[in-house]
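Numbering (my numbering), first residue to last: 538 to 787.
Positions of the beta carbon are idealized from the N, C-alpha and C atoms, including for glycine.
See below for the structure under consideration.
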């Protein structure tokens, strides 16, 4: 499914660095307690369906309810969907169209919009009731024939969860984590130099009791989940999900 660019004006190398900070893995060991939630394109060996916007809809018109700036990355201009804040419903689509047949996953992403089934929603709500925003929409086929009732999910935890002492990226201007080679040298912390490998560590104390969130200083547009939520999704046999491990400071 095509995804529209959010137009983030940073070097593509920085995004690639963030992607490689963790690796996809299916064992939830004691050494890793934070995961990035990513899409699994197949369910039991079968491809998932392709979902597209209806004519006239534009996900980039969606805005957050509270646009007040904080010390993190911007929450407007295309980043509302990954801001960690509630959104206004004015431009949230009422329907999406099935473009290619396939399995409807419990978790998917189309045009930057996260869409989930009742099963995924119930698992999240069991751990964090009434925290995240779920907006219903109808999936339709040819001639707008009803296919399924689904939910758009907007993650509503906007946190600062990166460990400052062990992370070897640079928090540029106090806003965004970037590799040292792409950061002003005068902002490098004392434990970072030109030969330092870029490594990002999460801080369990900063995460607290949260289970699903966006980190306001990380450019990568993937939700982060606790080990508890990852295991709950696995136990419920939720489809469409895979987990990229992230390091945790010990």
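Practice prompt. Please report how far the alpha carbon of residue 697 lies from the alpha carbon of residue 717, in whole angstroms.
Written response: So the alpha carbons of these two residues sit roughly 20 Å apart.
Item to complete: Using beta-carbon positions only, say whether residue 641 and residue 586 come within less than 8 Å of one another.
Response: A contact, by the Cβ cut-off of 8 Å.
Discussion item. Using a Cβ-Cβ cutoff of less than 6 Å, which residues in the same chain neighbour residue 646 once the five nearest sequence positions on both sides are dropped?
Written reply: 576, listed in sequence order.
Worksheet item: For the alpha helix (DSSP H) that contains residue 744, what are its first and last residues?
Response: Where residue 744 is concerned, the enclosing alpha helix (DSSP H) starts and stops at 741-744.
Worksheet entry | Through-space distance from residue 710 to residue 608, alpha-carbon basis | Approximately 9 Å, taken between the alpha carbons.
Worksheet item: Of the choices 622, 614, 597 and 707, whose alpha-carbon is the least far from that of residue 750?
Response: Minimum Cα distance to residue 750 is reached at 622.
Worksheet item: For residue 650, is the classification buried or exposed, using 16 other Cβ atoms within 10 angstroms of its Cβ as the cut-off for buried?
Response: Its Cβ being crowded by 16 or more others within 10 Å, residue 650 is buried.
Discussion item. Among the candidates 754, 694 and 660, whose CA atom is the shortest distance from the CA of residue 700?
Written reply: The residue with the shortest Cα to Cα distance from residue 700 is 754.
Worksheet item: Residue range of the alpha helix (DSSP H) that residue 769 falls in?
Response: First-last of the alpha helix (DSSP H) with residue 769: 764-772.
Item to complete: Ignore the nearest five residues each way along the sequence and tell me which others in residue 799's own chain have a CB closer than 6 Å to its CB.
Response: Since the first residue shown for the chain is 538 and the last is 787, residue 799 is missing from the structure and cannot be characterised.
Discussion item. Just to confirm my understanding: we take residue 600, look at its own chain, exclude 5 residues before and 5 after, and list those with CB closer than 6 Å. What are they?
Written reply: If you ignore the 5 residues before and after residue 600, its C-beta comes within less than 6 Å of the C-beta of 617 and 625, all in its own chain and listed in chain order.
Discussion item. Is the beta carbon of residue 766 closer than 8 Å to that of residue 748?
Written reply: In this structure, residue 766 lies closer than 8 Å to residue 748 by Cβ.
Discussion item. So, for residue 679: in the same chain, excluding its five sequence neighbours on each side, which residues have a beta-carbon less than 7 Å away from its beta-carbon?
Written reply: Answer for residue 679: no residue qualifies.
Worksheet entry | residue 713 versus residue 725: straight-line alpha-carbon distance, rounded | If you draw a straight line from the Cα of residue 713 to the Cα of residue 725, it comes to about 13 Å.
Worksheet item: In terms of residue numbering, what span does the beta strand (DSSP E) encompassing residue 675 cover?
Response: Taken as a continuous stretch (DSSP letters only), the beta strand (DSSP E) holding residue 675 covers 670-677.
Worksheet item: Three-state secondary structure (DSSP) at residue 707?
Response: Looking at residue 707 - three-state DSSP - the assignment turns out to be strand.
Item to complete: Using only alpha-carbon positions, find the residue among 595, 763 and 779 that is nearest to residue 614.
Response: Ranked by Cα distance from residue 614, the options 595, 763 and 779 are led by 595.
Worksheet item: Is it a yes or a no for the region 628-636 touching the region 727-738, going by three-plus beta-carbon pairs under 8 Å?
Response: Result no; under three Cβ-Cβ pairs closer than 8 Å.
Item to complete: Tell me whether residue 636 sits in a helix, a strand or coil according to DSSP, three-state version.
Response: Residue state for residue 636 is assigned as strand, using DSSP reduced to three classes.
Worksheet entry | Member of 648, 655 and 573 whose CA lies at the smallest distance from the CA of residue 773 | Selected option, being the one with the closest Cα: 655.
Item to complete: Reducing DSSP to helix, strand and coil, say where residue 785 ends up.
Response: Reduced to three states, the DSSP call for residue 785 is strand.
Discussion item. Taking the beta strand (DSSP E) that residue 655 belongs to, which residues open and close that run?
Written reply: No beta strand (DSSP E) contains residue 655, which is instead part of the alpha helix (DSSP H) from 655-664.
Worksheet item: Can you tell me where the beta strand (DSSP E) with residue 646 in it begins and where it stops?
Response: Where residue 646 is concerned, the enclosing beta strand (DSSP E) stretches over 644-647.
Discussion item. I'd like to check one pair, residue 669 with residue 691: are the Cβ atoms closer than 8 Å?
Written reply: Yes, they are a contact pair.
Worksheet item: From residue 707 to residue 727, what distance separates their C-alpha atoms?
Response: Approximately 11 Å, taken between the alpha carbons.
Worksheet item: Can you name the start and end residues of the beta strand (DSSP E) that residue 687 belongs to?
Response: Taken as a continuous stretch (DSSP letters only), the beta strand (DSSP E) holding residue 687 covers 683-691.
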